[in-house]
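Peer 1: Dropping a structure here in structure tokens format, bear with me for questions.
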Amino acid sequence: MADAMLALPPAVPTRRRELIIATAFGTTAVVMVMVTLIGAYLAARSGAGAEWLANNDIPLTQPNMQLLTLGMSVVTMQWAVYSINRDDRGHTYLALGVTLLLGAAFLNQSTFLYSQVEMELAQLEGPLFYAVTGTHFAMVIAAMVFIVLMGFRALGGQFSSRQPDGIAAAAVFWDAMVAVYAVVWIAVYVMK
Amino acid sequence: MALTETRPETETEGPTASPRPTPTALERLVGTGSYASIGRLYIGFSLVFAVAAGVVRLLVGLDIATDNGFLGSRVPMLNASSLLALILLGAVPFLLGLAISVVPRQVGSPSIAFPRAAALSFWAWLITSGIFITSVAINGGVLGGDRAAARLGNVAIGGVMASLVLGAVLVATTVVVHRPMGMRLANVPLFSWSMLVGSTIWIATFGSVIAHVILGQVSHLSAEGLVENFGSGIYWLLRGPAIYMVAIPVLGIAGDVLPAMTGRRLKHYGVFQGLIGAFAVLSFGAWAQLPSSVNTVVWAGFALAVALPILGLLGGLAESLRYGKAKINGALVCSLTSLLLLLGGAIGGVLQAFDTLGTGYLFEFGTAALVTGQAYFVVAGALVGGIGGLFYWSTKLWGGPAKEPIASGLGVLVFLGGGLIGTVLIVQAIVQRNQETTANQFFGALSSVGILLVVVGLLGVLAQIAGIARHAHDDDEDGADDRAERDPWNGLTLEWADPADELVTVTSPYPLLDAREGDEEGSK
Numbered sequence: 098m099a100d101a102m103l104a105l106p107p108a109v110p111t112r113r114r115e116l117i118i119a120t121a122f123g124t125t126a127v128v129m130v131m132v133t134l135i136g137a138y139l140a141a142r143s144g145a146g147a148e149w150l151a152n153n154d155i156p157l158t159q160p161n162m163q164l165l166t167l168g169m170s171v172v173t174m175q176w177a178v179y180s181i182n183r184d185d186r187g188h189t190y191l192a193l194g195v196t197l198l199l200g201a202a203f204l205n206q207s208t209f210l211y212s213q214v215e216m217e218l219a220q221l222e223g224p225l226f227y228a229v230t231g232t233h234f235a236m237v238i239a240a241m242v243f244i245v246l247m248g249f250r251a252l253g254g255q256f257s258s259r260q261p262d263g264i265a266a267a268a269v270f271w272d273a274m275v276a277v278y279a280v281v282w283i284a285v286y287v288m289k
Numbered sequence: 160m161a162l163t164e165t166r167p168e169t170e171t172e173g174p175t176a177s178p179r180p181t182p183t184a185l186e187r188l189v190g191t192g193s194y195a196s197i198g199r200l201y202i203g204f205s206l207v208f209a210v211a212a213g214v215v216r217l218l219v220g221l222d223i224a225t226d227n228g229f230l231g232s233r234v235p236m237l238n239a240s241s242l243l244a245l246i247l248l249g250a251v252p253f254l255l256g257l258a259i260s261v262v263p264r265q266v267g268s269p270s271i272a273f274p275r276a277a278a279l280s281f282w283a284w285l286i287t288s289g290i291f292i293t294s295v296a297i298n299g300g301v302l303g304g305d306r307a308a309a310r311l312g313n314v315a316i317g318g319v320m321a322s323l324v325l326g327a328v329l330v331a332t333t334v335v336v337h338r339p340m341g342m343r344l345a346n347v348p349l350f351s352w353s354m355l356v357g358s359t360i361w362i363a364t365f366g367s368v369i370a371h372v373i374l375g376q377v378s379h380l381s382a383e384g385l386v387e388n389f390g391s392g393i394y395w396l397l398r399g400p401a402i403y404m405v406a407i408p409v410l411g412i413a414g415d416v417l418p419a420m421t422g423r424r425l426k427h428y429g430v431f432q433g434l435i436g437a438f439a440v441l442s443f444g445a446w447a448q449l450p451s452s453v454n455t456v457v458w459a460g461f462a463l464a465v466a467l468p469i470l471g472l473l474g475g476l477a478e479s480l481r482y483g484k485a486k487i488n489g490a491l492v493c494s495l496t497s498l499l500l501l502l503g504g505a506i507g508g509v510l511q512a513f514d515t516l517g518t519g520y521l522f523e524f525g526t527a528a529l530v531t532g533q534a535y536f537v538v539a540g541a542l543v544g545g546i547g548g549l550f551y552w553s554t555k556l557w558g559g560p561a562k563e564p565i566a567s568g569l570g571v572l573v574f575l576g577g578g579l580i581g582t583v584l585i586v587q588a589i590v591q592r593n594q595e596t597t598a599n600q601f602f603g604a605l606s607s608v609g610i611l612l613v614v615v616g617l618l619g620v621l622a623q624i625a626g627i628a629r630h631a632h633d634d635d636e637d638g639a640d641d642r643a644e645r646d647p648w649n650g651l652t653l654e655w656a657d658p659a660d661e662l663v664t665v666t667s668p669y670p671l672l673d674a675r676e677g678d679e680e681g682s683k
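Protein chains in written order, with my numbering: chain A, 98 to 289; chain B, 160 to 683.
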């Protein structure tokens, strides 16, 4: 038995920050997608003038609540990072769960907002409105999947105060998603 | 361990364990997580696709030269699609494959970051490239006339770029995270440095283009609508400053090849890194997407300034050549001539800048030909520089050195071809001012000759690679293990370190040269 143990090759050392750095680069690409879409939206709105959203009424209540929801989720996400850095696994799972719940609440509010706006894809504003908000919708789903994956890995014991990268990487993407929504909120919902 | 990492072989097989079936060659190929294999696959397929794109452009040139219209109304579609394919299916993946193979070795890492994600990047790129080629064949691609095929082409472009972004993320992460102790970013070999800054620009730029791909799909556009979407949202990728990003790694290749050929370290290493960084910054073009952006002072400034880092790098390398006796071979010839091609592209950019000063157009140059000429210069520069890297790291990539003087000849062939088609298109833009069609057939014939030289050169490179790999395989079977063949240049950077040697300490960009100089001082 002892010989068999000695015969095992050494474990591959896990490199610190690998996942965080890769996530940061990947997030850059996603943010560029969103920035370009928002830029195209603003350019089209500027070109259309008073015709823009003349036939639709976008209420501000849901977007405000969505921003508040995501704002709270930033706190809970950082709570998860704080907890895993202190080997507080219980609070880590709790914080990740609450973050997921807030993400799901955001998606729920988005679908409700779509039903309120009654925007047709064939309209002038339709493609850009759905491209901007829909791509962000997809970004939220991707961030939630990221958290679920990292949560399962944390459950498997892969993350701790010595190796908290997975949770921190998920937080990088989550925070970027929230920051993007803040821009969407101003560009699409507030400025109309 | 991350899910995307290669699982270590930790299982020990007991006496009762059933023997594992030996994977077939196809299974090994598809299931590989080896960064070297993935890099080689990227290089091989990108060269094949570049040849295919060149052949399509050759047909376009012949159609124009003979004026018999055998391609019918598909000429604009094939012209634009072949250029886009040369960039996204040829030059960029070619350099990315080179980086996936070389960068881990340069930074002393046993593997690229997330090797299975690298495999995903390659296979996704290969499949989406195949879809793009299919869409071109059925009148889609970009500027295609068939709505379904054009939508297919639009999706394929997005898929290709997403795959390349994934590959670029992994290369950049490898440079940032996988460096050994002592190798600060200031000591990273220039090719790895250029891939770090280049990958960052690729990630940001392709991300921006993907947004327009999404818009094209969401809008349910007609074929004409997709043509407009390409013109307003994707075309900027083919003109300055964004087009230069294709060739950022070429500067790093030249910066690594020359010191190895002279055996001397580059003085003022930080300046070289700064020049490459400046070139990368000046090739960021996502801010200049609107057609009106070419009329701005900032755009003109970018077009003029982009030549400065290239000239600075050439000057620095020439200074190094002056004091060191260089080995002249395909790697050196290609890496230096690629910079000349980039200067040709910069001339095209300067002409555009003068033409678009103020509002409207000053000289009424043929804009499309001018932009295309600049793009061909830069893409040819990227291909020639990449071929230089291919020959330089040939022993690492394919197991044996490139055959001289064939390697030099092939590099010169692609250089001449790329230079010819770029020059012809720029001259055509000047001659055919005010949308004239003067000497159209003549220009078509000359551009055909240029692209033919490129195609023949690339085919020669593919044949050369196949020959080296076959020869190396025979040597392996003979048990030959010649150290001089493994490192024909007496290399200076970490990728040339021999596993049999003592571990080297990294305190400068040239750790092997440091070790040799330390040994010489010790023996005195």
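The beta-carbon is built from N, C-alpha and C at its ideal position, and this holds for glycine as well.
1) Check G444 of chain B in the structure and name its three-state DSSP category.
2) Please state whether DSSP places D185 of chain A in a helix, a strand or coil.
3) Residues of chain A with CB under 7 Å from A258 of chain B, in chain order?
4) For chain B, is any of its Cβ atoms less than 9 Å away from the one on Y227 of chain A?
5) For V128 of chain A, decide whether its Cβ has a neighbour in chain B, counting only Cβ atoms nearer than 9 Å.
6) Taking the alpha-carbon positions, what's the P560 of chain B to I117 of chain A distance?
7) Identify the contact partners of I118 of chain A in chain B, using a Cβ-Cβ distance below 7 Å as the criterion.
8) Short of 7 Å in beta carbon distance, which residues of its chain neighbour G192 of chain B, apart from the five on each side in sequence? Order them along the chain.
9) Compare the C-beta of R114 of chain A with all C-beta atoms of chain B and state if any pair is closer than 9 Å.
10) How is Q511 of chain B classed by DSSP in three states: helix, strand or coil?
11) Would L218 of chain A pass as an interface residue toward chain B - the criterion being a Cβ-Cβ separation below 9 Å?
12) Report, in whole angstroms, the separation of the C-beta atoms of L302 of chain B and V386 of chain B, which I expect to be a contact under 8 Å.
13) Using a Cβ-Cβ distance cut-off of 9 Å, determine whether L255 of chain B contacts chain A.
14) Considering only C-alpha positions, which residue in the set B:I362, B:T364, B:T333 is nearest to F350 of chain B?
15) On a Cα-Cα basis, can you pick out the residue from B:Q511, B:T596, B:F513, B:G577 that is closest to A539 of chain B?
16) So, are the CB atoms of I362 of chain B and A239 of chain A less than 9 Å apart?
17) Can you name the start and end residues of the alpha helix (DSSP H) that T232 of chain A belongs to?
18) Find the nearest neighbour of L397 of chain B within the set B:T293, B:L672, B:G570, B:A447, judged by alpha-carbon distance.
19) Tell me which same chain residues have a C-beta within less than 6 Å of the C-beta of P408 of chain B, skipping the five on either side of it?
20) If we cut at 9 Å on Cβ distances, does V45 of chain A have a partner in chain B?
21) Would the region 577 to 597 of chain B and the region 549 to 568 of chain B be scored as touching if the rule is three or more Cβ pairs under 8 Å?
22) Look at the alpha carbon of K289 of chain A and the alpha carbon of V214 of chain A, and state the distance between them as a whole number of angstroms.
23) Report yes if the C-beta distance between L323 of chain B and L200 of chain B is below 9 Å; otherwise report no.
24) How many Å lie between D154 of chain A and R113 of chain A at the Cα?
25) Measuring only the C-alpha atoms, how far is G503 of chain B from I624 of chain B?
26) Taking only three categories from DSSP, how would you classify W395 of chain B?
27) Do you know offhand how far A266 of chain A's Cα is from A315 of chain B's?
28) Given a threshold of 16 other Cβ atoms within 10 Å of its Cβ, counted over all protein chains shown, does A459 of chain B qualify as buried or as exposed?
29) Which chain A residues are close to F291 of chain B, counting only those with a beta carbon under 8 Å from its beta carbon?
30) Would you grab the beta carbon distance between A276 of chain A and Q175 of chain A for me? Rounded to a whole angstrom, and I think it's under 8 Å.
31) Please compile the residues from chain A whose C-beta is within a distance smaller than 8 Å of the C-beta of L529 of chain B.
32) Beta carbons nearer than 8 Å to chain A: which residues of the region 434 to 448 of chain B have them?
33) Which residues in chain B have a C-beta closer than 8 Å to the C-beta of A240 of chain A? List them in chain order.
34) Sort B:D514, B:E523, B:L498 by Cα distance to A541 of chain B and report the nearest one.
35) For I283 of chain A, does the three-state DSSP call read helix, strand or coil?
36) Quick one: which unbroken alpha helix (DSSP H) runs of 4-plus residues sit fully inside the region 426 to 486 of chain B? Chain order, please.
Peer 2: According to the data block:
1) coil
2) Assigned with DSSP and collapsed to three states, D185 of chain A falls in coil, not helix or strand.
3) Result: empty, since nearest Cβ-Cβ is about 14 Å, beyond 7 Å.
4) yes
5) Taking Cβ atoms only, chain B reaches closer than 9 Å to V128 of chain A, which makes this a yes.
6) 38 Å
7) T332, V335, V336
8) T165, P274, R275, A278
9) yes
10) helix
11) yes
12) The pair is a contact, with the Cβ atoms about 5 Å apart (cut-off 8 Å).
13) Closer than 9 Å: no.
14) B:T333
15) B:G577
16) no
17) 223 to 252
18) B:A447
19) Beyond the five residues adjoining it in sequence on each side, P408 of chain B comes within less than 6 Å, by CB distance, of L254, S353, M354, G357 in the same chain, given in chain order.
20) Look at the range of chain A in this structure, 98 to 289, and you will see that residue 45 of chain A is not part of it.
21) Touching, no.
22) 12 Å
23) no
24) Computed Cα separation, rounded: 49 Å.
25) 28 Å
26) helix
27) 29 Å
28) buried
29) Those do not exist, as F291 of chain B stays about 20 Å from chain A at its closest Cβ, beyond 8 Å.
30) About 14 Å separates the two Cβ atoms, so there is no contact after all.
31) Correct list: empty, because the minimum Cβ distance to chain A is about 25 Å.
32) Here the close residues are A445, Q448.
33) Within 8 Å Cβ-Cβ: nothing; A240 of chain A doesn't reach chain B, min ~16 Å.
34) B:L498
35) helix
36) 428 to 441, 456 to 464, 466 to 482
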